[in-house]
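Novice: Please see the structure below; I have some questions.
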Amino acid sequence: FIDEVLHAAIRSLARSRSTPDSRRVGFCSPGEATEAVTRFVRKHRCPILCVIRDPRDSARSLRLVEEEEARAWARRWNGYLDRVASLNRAIPGIAEIVRYEDLSASRSGATLSRLCRFLGANEGATPDLPNRAIDSGKPLSPEVKRVIEEEAGPYLRRLRYVDSKRKESTHG
Numbered sequence: 011f012i013d014e015v016l017h018a019a020i021r022s023l024a025r026s027r028s029t030p031d032s033r034r035v036g037f038c039s040p041g042e043a044t045e046a047v048t049r050f051v052r053k054h055r056c057p058i059l060c061v062i063r064d065p066r067d068s069a070r071s072l073r074l075v076e077e078e079e080a081r082a083w084a085r086r087w088n089g090y091l092d093r094v095a096s097l098n099r100a101i102p103g104i105a106e107i108v109r110y111e112d113l114s115a116s117r118s119g120a121t122l123s124r125l126c127r128f129l130g131a132n133e134g135a136t137p138d139l140p141n142r143a144i145d146s147g148k149p150l151s152p153e154v155k156r157v158i159e160e161e162a163g164p165y166l167r168r169l170r171y172v173d174s175k176r177k178e179s180t181h182g
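The structure is reproduced here in structure tokens:
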């Protein structure tokens with residue numbers, strides 16, 4: 011599903027450019043935000059789209075049950091976002107974070123418009139995208155969830171992820 015939204019943005023970029031290959035675009039998940047990617051982006055000045063997912067949902071998908079493995083995961087997630095932030099400080103506006111959750115069918119139109127603006131593409135018609143549920147595995151224990159929220163709290167708030175202590179949270 012993510013690929014469908016991102017490819018729609020790239021197709022829009024190609025249609026809006028006289029030479030579609032005149033601008034490189036990089037995609038990466040946080041796990042791919044390595045030093046090699048950072049060096050490439052700095053050298054070629056290509057915009058990069060970084061797709062992230064709520065670390066609690068990722069931890070559920072990874073089936074993390076131990077507090078220490080959850081702490082290590084949250085620290086790694088923070089490190090990915092630190093690298094993206096560092097890249098954006100070095101080259102302002104070069105990286106755009108896309109929340110995985112914003113690629114749902116109900117939000118994909120606004121997300122696609124934002125991606126097209128970031129890429130400098132004309133906003134075309136929003137593709138008809140299916141509404142697919144995200145299977146996050148079995149719920150996290152309260153202890154594991156607490157550890158992740160303690161470690162990743164500043165980024166969770168900055169990226170508008172809901173704190174599980176708030177009533178409207180949907181994180182199991």
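All residue numbers for the sequence shown refer to my numbering, where the first residue is 11 and numbers rise by one. We put the beta carbon where it would ideally sit given N, CA and C, even for glycine. The structure presented is a predicted model; accordingly, all values stated were derived computationally and were not measured.
1. By the 10 Å Cβ neighbour count, where 16 or more other Cβ atoms means buried, how is P152 classified, buried or exposed?
2. To the nearest angstrom, report how far apart I107 and T121 are at their CA atoms.
3. Considering only DSSP beta bridges, list what E106 is partnered with.
4. Decide if V157 is buried, meaning its Cβ has at least 16 other Cβ atoms within 10 Å, or exposed.
5. Just how far apart, CA to CA, sit P102 and R124?
6. Measuring only the C-alpha atoms, how far is P149 from R70?
7. Does DSSP classify D173 as helix, strand or coil?
8. Could you check what DSSP says for K53 in three-state terms: helix, strand or coil?
9. Can we say the region 78-89 touches the region 62-69, given the rule of at least three CB pairs closer than 8 Å?
10. Thinking I62 and I104 are a contact (beta carbons under 8 Å), I'd like their distance in whole angstroms, please.
11. Distance, Cα to Cα, K155 vs R73?
12. What's the gap between the Cα of R117 and the Cα of R86?
13. Would you call the CB atoms of R52 and L97 closer than 9 Å?
Specialist: So, from the listed chains and residues:
1. exposed
2. 11 Å
3. L59
4. buried
5. 17 Å
6. 6 Å
7. coil
8. helix
9. yes
10. In fact, because the Cβ distance is near 16 Å, the residues do not count as touching under 8 Å.
11. 12 Å
12. 27 Å
13. yes
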